[in-house]
Structure formats: C-alpha cells, structure tokens
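Read through the structure below, which is laid out as structure tokens, and then see the notes.
Protein chains: 2
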Amino acid sequence: MTSLATTTGALSPTDRSTPRRSSERARSDRAALYDVLDAALVCHLAVVVDGVPVAFPTVFAVDVEGPDESGTLYVHGSVASRSLRAAPEAEVSVTVTVLDGLVLARSGFHHSMNYRSAVVIGRPRVLTDEAERSRALDLLVDHVAPGRAAGLRRPTRKELVATTVLALPLYEASVKVRDGGVDDEPEDVRAGGVWAGVVPVRMTGSDPVTAADVVDVPVPEHVLRRAAELR
Amino acid sequence: MTSLATTTGALSPTDRSTPRRSSERARSDRAALYDVLDAALVCHLAVVVDGVPVAFPTVFAVDVEGPDESGTLYVHGSVASRSLRAAPEAEVSVTVTVLDGLVLARSGFHHSMNYRSAVVIGRPRVLTDEAERSRALDLLVDHVAPGRAAGLRRPTRKELVATTVLALPLYEASVKVRDGGVDDEPEDVRAGGVWAGVVPVRMTGSDPVTAADVVDVPVPEHVLRRAAELR
C-alpha cells in the first residue's frame with residue numbers, strides 16, 4: 003500500500019476538531035491519521051437525513067496524490083442513496099474506527115476498548131471530472147483489496163452514471179488512540195482478587211471462497227496476500 | 003448472552019427509517035436487529051456537534067427487559083464528552099456495523115462488502131434513576147465481556163456522577179444485510195479470465211494479556227470464553 007505515514011502536517015486547523023477531553027488519547031500528527039485510515043476496511047459517513055444525524059457504513063479510499071494538499075478521502079455509493087444525496091449541501095464527517103482490544107479492568111468504570119479512531123470533517127465535493135472519478139473508483143477497489151483494480155475492466159458509462167463519489171480533503175481531522183494496558187484505581191489493585199487485563203482483537207480474514215462460475219482462474223496473488231494480511 | 007432473537011415485532015414504524023433502496027438488503031424483522039447488536043462490539047453514535055453531524059465510536063448494550071417494550075439500547079461516556087452533551091436535546095441515531103466479507107467481483111462496480119448493519123433512531127433519555135443506571139452499566143460491561151459484571155465491585159458515587167448513560171428505545175430501526183457471493187454482470191462471467199469470490203472476514207480475539215500487577219488470580223472462565231468466541 004502507499005506509505006501514508008510519510009506525509010506530515012498538523013491536524014485540527016480549527017478549534018472544533020481539537021479534542022477537548024481525554025487529551026492523553028488525542029494525536030495531532032498526520033501519521034496517526036494515515037495509520038487509522040490504512041488499517042480500516044470501512045468508514046461511517048455521518049450526514050443529516052430528515053433532520054436526524056445518521057452514520058452510514060461505506061467503503062473509502064485515501065489519495066495522497068489527489069487534488070488536496072493534505073490528501074483526499076473518497077467515499078462512494080449509489081446515486082439514489084439518501085446519505086450521499088444529502089451530503090454535498092452541508093458539512094459532513096467521516097469516522098474511521100479500528101478496534102485493537104477489550105480492556106477488562108477491576109472496576110466497571112475503568113473498562114475500556116483499545117482503539118484507533120479518526121474523524122474527518124468537511125464540505126464534500128461531488129466528483130464530476132472523469133479522470134478523477136476513474137482514479138477514485140480504482141482507489142476504492144484497491145483499499146479493499148490492494149492491487150486488484152489494475153486487473154479489472156474499465157467501468158461502463160452506465161456504471162459511472164450510477165455511482166456518486168464524494169471527496170473530502172484530509173484537512174480537518176481529529177485522531178484518538180487508546181492503547182496499552184488496564185488503568186485501575188490503586189485501591190482496587192491493592193484489594194486484589196479480581197483479574198484484569200486486555201483481550202487483543204483484530205479483523206482477520208480466512209481462505210478466499212472462489213465464485214462457483216469462475217472457470218480456470220486461480221486465486222490471484224493479491225487476493226491471497228490480502229487474506230493473509232488480515233490473518 | 004440473552005437470547006435476543008426470541009423477541010419479535012416490526013421495525014420501521016415511520017417512513018424515514020424504511021429503506022428506500024437496496025431493498026433486497028433490507029430486513030424488517032426484529033430478530034435481524036438483535037443479531038447485529040449481538041455480534042458487534044462497538045457502535046457509532048451520530049450527533050450534531052457545532053452544526054456538523056459526527057459519528058463517535060462507543061460501547062453499547064441492549065436490555066430486552068428494560069423500560070421500553072421494544073427493548074432498550076444503552077450507550078455511555080464521560081459527562082464532559084461533546085457527543086453525549088449534545089445528544090439529549092435532539093434526535094440522534096446509533097449505527098452498528100458488522101463486517102463479514104470482502105466481495106471481490108469481476109468489475110469494480112460490483113465490488114462490495116458482506117455486512118450486517120443497523121441504524122436505531124430516537125430521542126435519547128439520560129438515565130437518572132440509580133437502579134436503572136446501575137443495571138445499564140453492568141450490561142455495558144457484560145456486552146464487552148459477558149459474565150464479567152457480576153464479579154466487580156459496585157461503582158462509587160464519584161464514578162456514577164462522572165458517567166452519562168443514554169437510553170434509546172429499540173423502536174425505530176432499519177437493518178441491512180448483504181451476504182452471499184459475487185453478483186457479476188453475465189457478460190463479465192462469459193468473458194472469463196478474472197477471478198471473483200469472497201474473502202470472509204471477522205473480528206477475532208487472541209490470548210488474554212494479564213495485567214502485570216495481578217497477583218495470584220488466574221484468567222477467569224468468562225474471559226477465556228470471550229477470547230475463544232472471538233476466535
């Protein structure tokens with residue numbers, strides 16, 4: 003995958019995306035943002051639909067060589083989808099969350115999750131330029147399965163018309179990371195008798211299941227690699 | 003875990019939560035909702051903060067014996083958190099998403115994910131009743147690690163004051179499920195030459211890591227069970 007971690011620059015150009023609490027969990031460097039975006043398979047696009055904020059799960063991709071100096075986040079969906087129709091008229095946000103562990107403390111209060119999470123805020127741009135749309139769609143496929151887009155046919159005119167792609171600059175974002183072990187009250191540690199620790203969790207893949215109508219095509223290297231990475 | 007699947011009843015009492023597209027992916031039964039809620043470790047709470055819809059990852063729990071006939075969804079967080087402070091004044095939503103597979107088609111257009119996702123909409127209630135708060139906090143711990151709450155000390159007054167718990171009735175919800183194999187264009191299947199299939203994915207756990215300051219307490223059964231379930 004593209005080495006996202008090499009791009010640098012401060013996040014949170016405005017106050018609203020500057021975390022006000024749990025500041026020990028906040029990360030202000032761009033490398034932390036790219037790390038979360040690299041690790042996640044899907045994002046949640048938050049938009050207001052009929053007056054109610056709703057988060058929709060969807061695939062995404064990052065373009066470090068896109069039109070925005072800070073990098074560009076692409077999300078896509080059907081032209082008919084309510085989430086994407088509502089989006090361009092107002093500011094929206096995209097949340098990406100990666101779970102790393104269950105933090106099981108000696109008290110309910112100190113139970114937590116280890117996670118990495120990023121929120122990107124901005125006014126999305128609907129892609130109209132054919133070249134940018136085509137590049138974004140390839141990146142969306144390659145985010146799910148790196149190396150896959152190059153071996154596919156080009157989208158048809160009908161497919162392009164049916165797909166909305168939104169671009170959000172990776173300009174304003176906040177990143178939170180909770181890692182490490184349990185953070186218990188000293189008196190609970192002294193009292194003893196209760197187990198505490200972390201159960202690491204991660205998204206894993208299993209053996210690719212070839213479609214029944216595939217004839218004489220072995221599982222390609224990029225698919226095997228992806229399944230192994232997620233293992 | 004509580005057998006959620008036994009509760010029945012229609013979802014989508016109003017039009018806005020009735021899916022308008024991808025209707026083949028929509029599920030209208032309550033069992034499908036409980037299945038998603040059972041399978042997920044975290045949710046995304048969508049609220050409007052400073053005019054922008056934002057989805058925050060957080061833990062949640064379901065109470066089928068709670069005050070709402072349709073079941074109650076609890077989310078919690080710090081009293082100081084922006085997401086929870088903003089919530090009670092307006093309708094919010096909670097999205098729960100479980101990823102099941104990468105659907106790798108012969109065209110970029112038909113790439114997809116296998117997933118189960120639920121959106122619950124409502125005006126949240128801030129829990130003030132001590133008994134309900136206490137029960138909700140136990141359920142939140144047990145959602146992450148079933149069976150754990152019973153072995154923990156009760157929350158202190160200070161801890162209770164510092165925690166906001168929101169309740170959302172499981173009354174208005176929409177559920178979407180995409181499962182099965184690749185759905186390619188017939189001409190792409192006929193053309194051949196491109197592999198297609200599904201890479202199953204799931205959240206898995208690994209061996210519990212005991213905190214360094216735990217003395218003479220073995221890993222409890224409920225933790226081993228949880229780690230194994232997520233395997």
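Going down the list, the sequences are from chains X and L.
Residue numbers for the first sequence follow the numbering used here, beginning at 3 and rising by one.
Residue numbers for the second sequence follow the numbering used here, beginning at 3 and rising by one.
The beta carbon of each residue, even a glycine, is placed where N, CA and C say it ideally should be.
Practice item. Could you spell out the range, first to last residue, of the beta strand (DSSP E) harbouring serine 117/L? Key: Looking at the sequence shown, residue 117/L is not serine but tyrosine. Per DSSP, tyrosine 117/L belongs to the beta strand (DSSP E) from 114-124.
Practice item. Using 10 angstroms around the beta-carbon of arginine 233/X, count the other beta-carbons present and answer buried if the total reaches 16, otherwise exposed. Key: exposed
**Study point:** Pairwise C-alpha distance: lysine 178/L and arginine 27/L
**Key:** 5 Å
Review point. Using a C-beta cutoff of 7 Å, does alanine 183/L count as contacting chain X?
Key: For the record, residue 183/L in the displayed sequence is glycine; it is not alanine. Yes, because at least one Cβ of chain X sits closer than 7 Å to the Cβ of glycine 183/L.
Check your understanding: Taking C-alpha atoms, which residue in Ser95/L, Arg156/L, Pro210/L and Asp52/L lies nearest to leucine 139/L?
Key -> Arg156/L
**Study point:** CB contact check: histidine 113/X to chain L, cutoff 7 Å
**Key:** yes
**Study point:** Neighbour-count burial assignment, proline 55/L, 16 or more Cβ in a 10 Å radius
**Key:** buried
Check your understanding: What are the residues of the stretch 51-66 of chain L that lie near chain X, defined by any Cβ-Cβ distance shorter than 8 Å?
Key -> Val51, Asp52, Gly53, Val54, Pro55, Val56, Ala57, Phe58, Pro59 and Val61
Practice item. Note down the Cα distance separating glycine 73/L from glycine 124/X, rounded to an integer number of angstroms. Key: 35 Å
Review point. How long is the line joining the alpha carbons of glycine 103/L and valine 201/L, rounded to whole angstroms?
Key: 5 Å
Point to revise | Closer than 7 Å to chain X by CB, aspartate 215/L | key: yes
Check your understanding: Looking at the C-beta of serine 72/X, does it have a partner C-beta in chain L at a distance below 7 Å?
Key -> no
Check your understanding: Which two residues bound the contiguous alpha helix (DSSP H) that contains serine 136/L?
Key -> 132-146
Review point. Counting only beta-carbon atoms, is serine 95/X nearer than 7 Å to chain L?
Key: yes
Practice item. Consult DSSP for serine 5/L and reduce its assignment to one of helix, strand or coil. Key: Its pLDDT being 29, under 50, serine 5/L is placed unreliably in this model, and the coordinates cannot settle the point.
Point to revise | Burial state of threonine 158/L (16 or more Cβ within 10 Å) | key: exposed
Exercise for review: Write down the C-beta distance between valine 122/X and valine 96/X rounded to the nearest angstrom, noting that I regard them as a contact closer than 8 Å.
Suggested key: 5 Å
Point to revise | Residue environment, arginine 23/X, which counts as buried when at least 16 other CB atoms sit within 10 Å | key: Here the model assigns arginine 23/X a pLDDT of 47, short of 50, so the residue's position is not dependable, and the following value carries that caveat. Arginine 23/X comes out exposed.
Check your understanding: Short check: CB of valine 100/X to CB of alanine 41/X, under 7 Å?
Key -> yes
Practice item. Give a yes or no on whether the C-beta atoms belonging to alanine 64/X and valine 184/X are separated by under 7 Å. Key: Per the sequence shown, residue 64/X should be read as valine rather than alanine. For valine 64/X and valine 184/X, no; Cβs fall outside 7 Å.
Check your understanding: Quick one: what's got a C-beta closer than 7 Å to alanine 193/L's C-beta in the same chain, skipping five residues either side?
Key -> none
Practice item. Take the Cβ of proline 220/X as the centre, count every other Cβ of all protein chains shown within 10 Å, and call the residue buried at 16 or more, exposed below. Key: exposed
Check your understanding: Under three-state DSSP, which class holds leucine 226/X?
Key -> helix
Check your understanding: Closest to glycine 207/L by CA distance: which of Asp209/X, Val203/X and Asp190/X is it?
Key -> Val203/X
Exercise for review: Go ahead and pull the three-state DSSP assignment for tyrosine 36/L.
Suggested key: helix
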